[in-house]
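If you count the sequence shown from 1, you need to add 8 to reach our numbering.
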Amino acid sequence: MSTRRQDLTRPADLHHESFSGPLRRRRPEYLDYLPPCNDRCPAGENIQAWLAAALAGRFREAWEILTQDNPLPAIHGRVCYHPCETACNRAVLDVPVSIHAVERFLGDRAIEESWPLVGPSQESGRKILVVGAGPSGLSVAYHLRRRGHEVEIREAGPVAGGMMHFGIPAYRLPRKILDAEVKRIEDLGVRIVLNHKVEELLQEKEADGFDAVFVAIGAHLSKRVDIPA
């Protein structure tokens, strides 16, 4: 006797003319979809959660939720191209939610009131080397530190920030904002060594007793405009 088996991997029909998806044709299913704004966020933020807290006036709580994923909200709130707003469901009703502006507001408020980032609950005993103090290196250093690892960033340049410092003009990203968010990561316990070019990666890893290395040297390449002569 043959048994009919339902293919549970098949995508649910959410666009049937009855507008009730699979409920009238099949048994109810639990569907775990990301909200479109969260899905499009390049930093992977839980946008709906921190927006809800901000809407209720709980700004520090909103900032703490935001910085669980992104330690640079004042920077991100200025330079991100905010695809979250392009994907926002609200656009079909009137206008998208101003996610970008709220993120910038929370980041600036945190700087003004000197809110500290949440540190590790306990130390792991592991030591990690991060090569490069650009946005990738700073972000990974932050998340590794929150897990309790000892983190050191070695940067070849004279300042931390990478292309955030050298590639974005100051009128778009004020240097005091960049410096404040970098300092907050340092205050968490991340050590940043400037003017240190790592040339022998394995040698430095073994000599200084690092358990792992994260290479965040960026991709400093120009892009052609391709305008015909």
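Each residue gets a CB set at the ideal place from its N, CA and C atoms; glycine is no exception.
Nearest-angstrom Cβ-Cβ length linking residue i and residue j, presumed shorter than 8 Å
i	j	result
ASP77	GLU53	5 Å
ALA141	ILE161	5 Å
LEU114	LEU74	6 Å
LYS135	GLY217	6 Å
LEU202	VAL221	The pair is not a contact, with the Cβ atoms about 18 Å apart (cut-off 8 Å).
ARG180	ARG86	6 Å
ARG48	CYS92	5 Å
Contacting residues, own chain, Cβ-Cβ under 7 Å from residue i (five flanking each side not counted)
i	result
GLY197	GLY127 and ARG153
ILE176	VAL87
Beta-carbon proximity of residue i to residue j, cut-off 8 Å
i	j	result
ILE83	ILE185	yes
LYS205	LEU137	no
TRP71	ALA118	yes
ASP195	PRO124	yes
CYS45	ALA109	no
SER132	HIS157	yes
Residues near residue i in its chain [Cβ-Cβ closer than 6 Å; skip 5 each side]
i	result
VAL223	VAL139
VAL105	CYS96 and ARG98
ASP116	ALA82
Counted within 10 angstroms of its Cβ, other Cβ atoms place residue i as buried (16 or more) or exposed
i	result
ALA168	buried
Distance cut-off 7 Å: residue i Cβ against heavy atoms of the ligand ATP
i	result
HIS151	Ligands displayed in this structure: none; no statement on the ligand ATP is therefore possible.
Chain-order list of residues whose beta-carbon lies under 8 Å from that of residue i (same chain, five-residue window excluded)
i	result
ALA51	ASP77, ASN78, HIS84 and CYS88
ILE107	CYS45, ILE55, LEU59, HIS90, CYS92, GLU93 and CYS96
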